[in-house]
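*Asks:* Mind having a look at this structure? Questions to follow.
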Amino acid sequence: MASTTRVALLFISGHDERGGIEVVTLDLIRALDRRRFEVWVLSLVEGPFPDELRHAADRFVSSPTRMRDRRGWARAAEVGVRMLQEASGALVHVNEGRSHLLGRRISDATGAPLVRWLHGWHSPLFSRDRLCSWMSIRAGAHVWVANSATTARYFARWLPPTTPVRIIAPGVDLDARRSGEAPPSIRARLGIGEADLAIVMHGRLVSAKGCHVLIEALAILARQGIPATALMVGGSQLPKPVHQAYRDQLETLARRLSVHSRVRFLGFQASTYDFVAAADVVAHVATIPEGFGLVVIEGMGFGKPVIATRTGGPEEILDHGVTGLLTSPGDPVELARWLALLHRRPDVRRRLGAAAQQLFEARHTALRMAEDFGRLYAAMRVSLQGIGAVENTAPGTLAARS
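With numbering that gives the first Met the number 0 applied, the sequence shown covers 0 to 401.
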């Protein structure tokens with residue numbers, strides 16, 4: 000049973016493997032002040048990410064189900080209700096559509112306020128995920144939080160007029176995904192020479208991330224005689240044909256452009272940050288708009304110059320020429336031009352990296368994120384009965400409705 004001096008935070012998770020949302024959720028859970036909060040997790044799926052949550056949470060309950068499974072859905076809701084009935088004060092925190100719909104049901108049954116942290120954008124195509132996301136927005140929440148002003152503006156079209164959306168930017172723990180292997184050892188193991196410009200891309204291996212654009216830029220650099228190696232870190236922890244199909248396309252492209260020897264396809268890596276630390280440049284070259292761009296702040300945290308596309312969230316994070324470089328989406332020529340500059344000018348790499356790291360320390364650590372959410376939770380005035388009154392003030396920026 001939860002301590003009478005702490006508020007129970009029930010995180011509901013519907014993700015089976017690690018991605019950007021999962022990374023920040025895990026780091027938030029780990030960084031929250033346990034003197035004030037007790038963190039519980041209700042997982043709706045099984046997989047490697049729930050296993051990580053199990054070790055991070057104070058209490059973990061698994062109730063695998065799908066929305067179409069009415070009995071399983073009702074059972075998961077009952078589990079959540081029973082958990083909160085044991086708490087002297089509680090909140091429900093959700094990050095995506097399916098967990099939001101279940102969280103709303105649990106919130107209505109217990110009176111525990113519901114917080115929704117908005118990430119990413121809907122797919123432009125009709126899909127079950129898009130429908131679920133739309134349904135969750137219509138279901139409502141006591142407090143809406145977005146990971147960026149870009150995301151807040153996007154979701155404003157779905158929310159009722161005058162709905163306040165608070166901004167809390169994600170943060171990460173740079174020590175959480177490292178093995179301890181030194182960068183020189185990693186470079187030597189991967190066959191990267193001292194003169195090579197090592198460029199890392201990490202994240203989901205899908206076409207929207209623009210890995211093919213980096214390979215095309217690499218071919219341009221090769222024709223210019225610039226030694227560069229791309230580290231493609233990412234893929235699925237679970238068998239997913241769409242990821243393998245895109246990797247096959249990338250390998251075919253690299254061979255056709257005669258740069259296959261300059262690309263290291265490393266797949267999923269638990270110690271992702273080892274490769275960020277070993278790289279000279281971090282690339283975020285998404286071809287479609289993104290609400291935030293976690294890769295950007297991860298590179299900044301390690302003092303690396305980041306090249307990111309002008310696709311929404313990254314434009315909010317980076318000041319072009321000061322804390323990083325911005326490039327046009329889908330343009331390998333412009334990307335190659337910035338990479339050539341960074342190869343030619345180590346002093347520019349150092350200057351951009353130092354400024355980026357300073358900005359990271361001020362805005363994007365996991366501790367800062369946890370403090371912002373801690374203030375938000377406190378502002379909701381969770382009562383001893385688990386019924387909260389939402390304050391009009393909260394950490395972060397209030398996004399104006401357009």
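The beta carbon of each residue, even a glycine, is placed where N, CA and C say it ideally should be.
Start and end of the alpha helix (DSSP H) containing R203?
*Replies:* No alpha helix (DSSP H) contains R203, which DSSP labels as neither H nor E.
*Asks:* Check the C-beta distance from A76 over to L101 and give it rounded, since I have them as a contact under 8 Å.
*Replies:* The Cβ separation is near 6 Å, so the contact holds.
*Asks:* Using 8 Å for Cβ pairs, my map puts V305 next to V321. What's the rounded Cβ distance?
*Replies:* Not quite, the Cβ-Cβ distance comes to about 12 Å (not below 8 Å), so this is no contact.
*Asks:* Could you name the residues of the same chain whose beta carbon sits closer than 8 Å to that of G18, not counting the 5 residues immediately before and after it, in chain order?
*Replies:* Cβ within range, chain order: G202, R203.
*Asks:* Spatial neighbours of A207 within its chain, please: C-beta separation below 7 Å, excluding the five flanking residues on both sides.
*Replies:* Correct list, in chain order: A285, T286, I287.
*Asks:* Name the residue from F10, A145, D32 whose alpha carbon lies nearest to the alpha carbon of R97.
*Replies:* Closest option to R97, Cα to Cα, is F10.
*Asks:* Would you list the one or two residues that DSSP bridges to H99?
*Replies:* DSSP lists no partner for H99.
*Asks:* In chain order, which continuous runs of the alpha helix (DSSP H) of length 4 or greater are located wholly inside the region 158-242?
*Replies:* Qualifying alpha helix (DSSP H) stretches, in chain order: 182-188, 210-222.
*Asks:* Within 8 Å, do at least three Cβ pairs link the region 161-181 to the region 289-297?
*Replies:* Contact between the region 289-297 and the region 161-181 is present, because at least three Cβ pairs lie under 8 Å.
*Asks:* By how many angstroms is the C-alpha of R65 removed from the C-alpha of I105?
*Replies:* About 16 Å.
*Asks:* Please state the DSSP three-state secondary structure of T45.
*Replies:* The identity of residue 45 in the sequence shown is Glu, whereas the question assumes Thr. DSSP places E45 in coil when its eight states are reduced to three.
*Asks:* Figure out for me which residue from F301, G311, G302 has the closest Cα to the Cα of G292.
*Replies:* Nearest option by C-alpha distance: G311.
*Asks:* Considering F10, what are the terminal residues of the beta strand (DSSP E) in which it resides?
*Replies:* F10 -> beta strand (DSSP E) spans 6-12.
*Asks:* Assess, as a yes-or-no matter, whether the region 27-38 is touched by the region 215-229 under the definition of 3 or more beta carbon pairs within less than 8 Å.
*Replies:* With the cut-off at 8 Å, the region 215-229 and the region 27-38 do not touch.
*Asks:* Anyone know if the C-beta pair for L213 and L265 falls short of 8 Å?
*Replies:* The answer is no: Cβ separation not under 8 Å.
*Asks:* Y245: beta carbon under 7 Å from a heavy atom of the ligand NAD?
*Replies:* No copy of the ligand NAD occurs in the structure displayed, which carries no ligand at all.
*Asks:* Rounded to whole angstroms, what is the Cα-Cα separation between L340 and R255?
*Replies:* In a straight line, the C-alpha of L340 is about 25 Å away from that of R255.
*Asks:* In whole angstroms, what is the alpha-carbon distance linking F36 and S87?
*Replies:* Looking at the two C-alpha atoms, the distance is approximately 12 Å.
*Asks:* Which residues in the same chain have their Cβ closer than 7 Å to the Cβ of A307, if we skip the five residues on either side of it in sequence?
*Replies:* If we look at A307 and ignore the five residues flanking it on each side, its Cβ neighbours are H283, G292, V295, P313, L317, G323, L325.
*Asks:* Look at the Cβ atom of E85, then the Cβ atom of F48, and state whether they are nearer than 8 Å.
*Replies:* Going by C-beta atoms, E85 is not nearer than 8 Å to F48.
*Asks:* Along the chain, which unbroken stretches of the beta strand (DSSP E) at least 3 residues long are found entirely within the region 39-92?
*Replies:* List check, beta strand (DSSP E) in window: 58-61.
*Asks:* Classify E289 as buried or exposed, calling it buried when 16 or more other Cβ atoms lie within 10 Å of its own Cβ.
*Replies:* E289 comes out buried.
*Asks:* Between which two residues does the beta strand (DSSP E) harbouring A145 extend?
*Replies:* First-last of the beta strand (DSSP E) with A145: 142-145.
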